[in-house]
Amino acid sequence: MFKKINSFYLLKWCLLLVCSNVFSQTEIYRSDFAFDGFKPGGLSGSIIMAGDNVLFNAPNQKMYSIDKKEGKINWEIDAVTNSKTVPYPYDNTFFYEKYHNGVTRVVQFNSNTGEKIKDLPFTSLNTKPFFLNNIMYSTALADGGLLVAYNMDENKIVWQKNIGFGADVQPVYLKDKIIVNAEDDNWFEIGYDGNFLKTKSKKHIYLDTTQIFIKNYKFLTHDGKEITRDFLKKNKLSNTDYQTKTNDTHTFVLSENQLLILGNNRKKVLQLHLEKEFPTDDFSTDTYRSILALQPESVWFCYQNFLIQYDFINKKPLRKVDLTKWNPQQILLENRTIWLISGNNGQLYGFDLEPDQQTADKIKAIADHYTCTEPDPKKMEAAKVAQEKFKNKN
């Protein structure tokens, strides 16, 4: 009896989900903070995951730690200024900019309590840090744009290099070296000891008074291949903003209207024209766009207020979740849970994806089994005529 009832409900879900190819979601959390003067589409903060908690940099000059399971507030701290600056987690701590007495400093906080641990000698951390033993490597602002090696235990800078606006570009941290941007698509290599490395390139520039050899390209693929401006131009990506993400086997490039996926040696696996694949009547260049998660055969990304999972091996969409109602300004995907900041009210929302992929496959299998097509009137009429002829013969 249970199996029949269960199948019945699965079939009902199928009619709603599989046929429309748009998956639903259940709201499991909604914040209710007071945001005085908040304007829809305005500054709306940022979120990161920190163990069992969500850190919400809210548009009311406060940072909140929220328990993911119970939804309770663990602690809050004054951020003093509204900012979309993303905190950077490290073990049971996080780094965040804090303004105090006319000075902005990077501060390390305890993630569990929100208590301040110490001030760092930087105005900001501009890119995601990399940690090796007790040393933090990052780009930062402190009297200009810097690449720094910072000793966490001794709270002091081990070495630093002036890289100007290159500080806004994420370095590539490899096993034995760091590849760093030095403005204008110029990249150089440096060891973790702070010594510049020689390359085969004959091009050079000067950092302060030091001559360094550089290569010119936009970014590196997962297997270390250079992506140049000409390559992007050839693939119609040179005149648009884009973001990249890599795993061990592929490089993903998401622009305003394209998803480009590269395999080894820059081999094109997929070039998806998003406007054709996912047409919308309300296209806007201002909507949130991001690559959210990578899986062996699929990618999750946000496009035109839809959360999409796309199978790039079999070249087909797997899920399409409509988030237009919330006008997301930032999204984090964690297993079956969607966390987002709404541009409508600045509040933080949590949603449970329905169903998960295993359930979705089961629903589709049941739907395919029970699918009945609408009768064709012409075939029905022909069947009636044939039946009458058969009766007359007998």
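Positions -24 to -1, 1 to 370 (mature numbering (1 follows the signal peptide of the UniProt record, and there is no 0)) are the ones given, in order, by the sequence shown. We treat Cβ as the ideally placed atom computed from N, Cα and C, and that holds for glycine.
Nearest-angstrom Cβ-Cβ length linking residue i and residue j, presumed shorter than 8 Å
{"i": "S59", "j": "V82", "result": "Not confirmed; about 13 Å, so no contact."}
{"i": "H198", "j": "T227", "result": "5 Å"}
{"i": "L117", "j": "N131", "result": "In fact, because the Cβ distance is near 18 Å, the residues do not count as touching under 8 Å."}
{"i": "P147", "j": "V134", "result": "So it is not a contact: roughly 16 Å between Cβ atoms."}
{"i": "L230", "j": "R265", "result": "6 Å"}
{"i": "L173", "j": "I181", "result": "The Cβ separation is near 15 Å, so there is no contact."}
{"i": "L248", "j": "S274", "result": "The Cβ separation is near 12 Å, so there is no contact."}
Of the listed residues the options, nearest to residue i (C-alpha basis)
{"i": "F107", "options": "P97, S87, D129, G90", "result": "D129"}
{"i": "S22", "options": "Q323, N86, D328", "result": "Q323"}
{"i": "residue 398", "options": "A358, S318, K179, V361", "result": "Residue 398 is absent from the model: the chain starts at -24 and stops at 370."}
{"i": "T186", "options": "I139, P65, S214", "result": "I139"}
{"i": "Q306", "options": "G13, C278, D152, D160", "result": "C278"}
{"i": "G200", "options": "W163, Y113, K137, P35", "result": "W163"}
{"i": "F9", "options": "I181, A26, N29, M39", "result": "M39"}
{"i": "Y113", "options": "S41, R205, G78, D169", "result": "D169"}
{"i": "D160", "options": "A143, I166, L31", "result": "A143"}
{"i": "Y64", "options": "D54, V79, K292, G27", "result": "G27"}
{"i": "I188", "options": "N171, T204, E202, K194", "result": "N171"}
Residue i - DSSP class collapsed to helix/strand/coil
{"i": "T175", "result": "coil"}
{"i": "K360", "result": "helix"}
{"i": "S(-5)", "result": "Legend: pLDDT at S(-5) = 42, less than 50; position of this residue unreliable, value from coordinates given subsequently. Three-state DSSP puts S(-5) in coil, outside helix and strand."}
{"i": "H252", "result": "The sequence as given places Lys at residue 252; His does not occur at that position. Note: K252 maps to helix in three-state DSSP."}
{"i": "K(-21)", "result": "Bear in mind that a pLDDT of 40 at K(-21), under 50, signals an unreliable position, so the model cannot answer this."}
{"i": "N290", "result": "coil"}
{"i": "G121", "result": "strand"}
{"i": "R6", "result": "strand"}
{"i": "L(-14)", "result": "The predicted model places L(-14) with a pLDDT of 46, which falls under 50 and marks its position as unreliable, so this point remains unresolved."}
{"i": "T103", "result": "coil"}
{"i": "R265", "result": "coil"}
{"i": "G326", "result": "strand"}
{"i": "F207", "result": "helix"}
{"i": "D169", "result": "coil"}
For residue j and residue i, the rounded distance between their alpha carbons
{"i": "N320", "j": "L19", "result": "11 Å"}
{"i": "E232", "j": "S260", "result": "9 Å"}
{"i": "L122", "j": "Y149", "result": "16 Å"}
{"i": "F98", "j": "D257", "result": "46 Å"}
{"i": "T2", "j": "D328", "result": "5 Å"}
{"i": "F254", "j": "F85", "result": "42 Å"}
{"i": "K252", "j": "P35", "result": "36 Å"}
{"i": "V361", "j": "L246", "result": "51 Å"}
{"i": "Y286", "j": "T300", "result": "19 Å"}
{"i": "N109", "j": "V124", "result": "15 Å"}
{"i": "V79", "j": "I237", "result": "43 Å"}
Same chain, Cβ closer than 8 Å to residue i, neighbours up to 5 away in sequence not counted
{"i": "E364", "result": "none"}
Same chain, Cβ closer than 7 Å to residue i, five either side skipped, listed in chain order
{"i": "K221", "result": "F228, I267, L270"}
{"i": "W302", "result": "L316, S318, N320, Y325"}
{"i": "D184", "result": "N138"}
{"i": "I93", "result": "T69, Q84, F85, N86"}
Own chain residues within Cβ distance below 6 Å of residue i, not counting five before or after
{"i": "E357", "result": "none"}
{"i": "K209", "result": "none"}
Residue-chain proximity (residue i, chain C), Cβ-Cβ < 8 Å
{"i": "T227", "result": "The structure shown contains no chain C, having only a single protein chain."}
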